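Contents: one structure, followed by commentary.
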Amino acid sequence: MRGRQAETSGGTAATQRTYKTRCPDAGQSHPMNTEPTAGPVRFDTKIAVLLREDLEPWQRLNVTAFLVSGLGTAVPEVIGEPYEDADGVSYLSMFRQPVLVFEGTKETLTAAHGKALSRALPRAVFTSDLFGTGNDRDNRAAVRAVRSGDLDLVGLAVYGPRNAVDKVLKGARMHP
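Letter by letter, the sequence shown follows residues 1 to 176 of UniProt numbering.
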């Protein structure tokens with residue numbers, strides 16, 4: 001859209017990135033910047049992924065991708081607006097906020113899972129059994145076959161208020 005012009009009510013051309021408004025004290029017209037402000041955006045919620053520390057690099061990537069894929073369907077407010085480049089080509093919407101990735105021991109992951117359950121936070125799990133399946137049906141069957149406390153977790157995604165997610169992740173460290 002950069003460079004495209006639109007006709008204003010006065011017949012003059014103005015770029016779509018500016019908006020003419022009257023300055024109340026000067027009585028003159030000044031362009032108002034509609035670009036996002038440079039200040040940091042703070043979220044009162046957090047999206048976090050906790051990975052077991054003994055995973056291979058390809059497993060870490062795979063587990064992270066699978067875990068966050070369910071969040072947008074269960075919690076639609078985490079999804080931002082669609083993207084568009086300067087040529088007007090559209091792209092899919094993505095998360096509106098960062099995804100923080102952590103790692104920890106098997107015990108840290110088990111404890112985090114229990115805390116996420118007790119706080120009733122939206123969550124997704126990835127168990128070691130899922131590395132041996134190849135589709136959603138078999139993935140769901142593999143998880144369904146094991147009691148919650150016995151799941152061999154290799155990854156957990158959690159979404160919720162920042163402080164609640166921080167408590168769930170206690171003992172985990174940021175992924176390097």
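C-beta: ideal position from N, C-alpha, C; glycine also. Predicted model only: the values in this text are computed from it and were never measured.
Contact check, S93 vs E81 under 8 Å by CB: the rounded distance? The sequence position of residue 93 within the sequence shown is 93, counting from 1. The sequence position of residue 81 within the sequence shown is 81, counting from 1. Indeed they touch by this definition, with Cβ atoms about 6 Å apart.
Please list, in chain order, all residues of the same chain as A26 whose beta carbon is under 8 Å from its beta carbon, the five residues on each side excluded. As a first step, residue 26 must be located in the sequence shown, where it is residue number 26. Because A26 sits at a pLDDT of 47, beneath the cut-off of 50, its placement in the model cannot be relied upon, and the following sentence gives the value as read from the coordinates. Nothing meets the Cβ criterion.
In the DSSP assignment, what are the bridge partners of E84? Reading the sequence shown from its first residue, position 84 is the one you call residue 84. Per the DSSP secondary-structure output, E84 pairs in a beta bridge with S90.
Evaluate contact between the stretch 93-104 and the stretch 142-153, counting only Cβ atoms and requiring at least three cross-stretch pairs below 8 Å. The stretch 93-104 makes no contact with the stretch 142-153: fewer than 3 CB pairs, one atom from each, lie closer than 8 Å.
Element boundaries [alpha helix (DSSP H), containing K106]: Taking the sequence shown and counting its residues from 1, the one referred to as residue 106 is at position 106. Run containing K106: 106-118, per the alpha helix (DSSP H) assignment.
On the criterion of 16 or more Cβ atoms from any shown chain inside 10 Å, does V146 qualify as buried, or is it exposed? The residue you call residue 146 lines up with position 146 of the sequence shown. With fewer than 16 Cβ atoms within 10 Å of its Cβ, V146 is classed as exposed.
Rounded Cβ spacing between A74 and P122 (contact assumed at less than 8 Å): Locating residue 74 in the sequence shown gives position 74, where the first residue counts as 1. Locating residue 122 in the sequence shown gives position 122, where the first residue counts as 1. The beta-carbon distance between A74 and P122, rounded to whole angstroms, is 5 Å. This is short enough to meet the 8 Å contact definition.
Beta-carbon gap between H175 and F102 smaller than 8 Å: Taking the first residue of the sequence shown as position 1, residue 175 is located at position 175. Taking the first residue of the sequence shown as position 1, residue 102 is located at position 102. It is a contact, given that the beta carbons lie within the stated cut-off.
6 Å CB neighbourhood of I79 in its chain, flanking five on each side removed: By one-based count along the sequence shown, residue 79 stands at place 79. Excluding sequence neighbours, I79 sits near G72, S93.
Taking the alpha-carbon positions, what's the K167 to G88 distance? Taking the sequence shown and counting its residues from 1, the one referred to as residue 167 is at position 167. Taking the sequence shown and counting its residues from 1, the one referred to as residue 88 is at position 88. Answer to the nearest angstrom: the Cα atoms are 42 Å apart.
If you count every other CB in all the chains shown that lies within 10 Å of the CB of K170, and 16 or more means buried, which is it? If you number the sequence shown from 1, residue 170 lands on position 170. With fewer than 16 other Cβ atoms inside 10 Å of its own Cβ, K170 counts as exposed.
If you check the beta carbons only, do V143 and K46 fall under 8 Å apart? For the purposes of this step, residue 143 is taken as the residue at position 143 of the sequence shown. For the purposes of this step, residue 46 is taken as the residue at position 46 of the sequence shown. Against a cut-off of 8 Å, the Cβ pair of K46 and V143 comes out as no contact.
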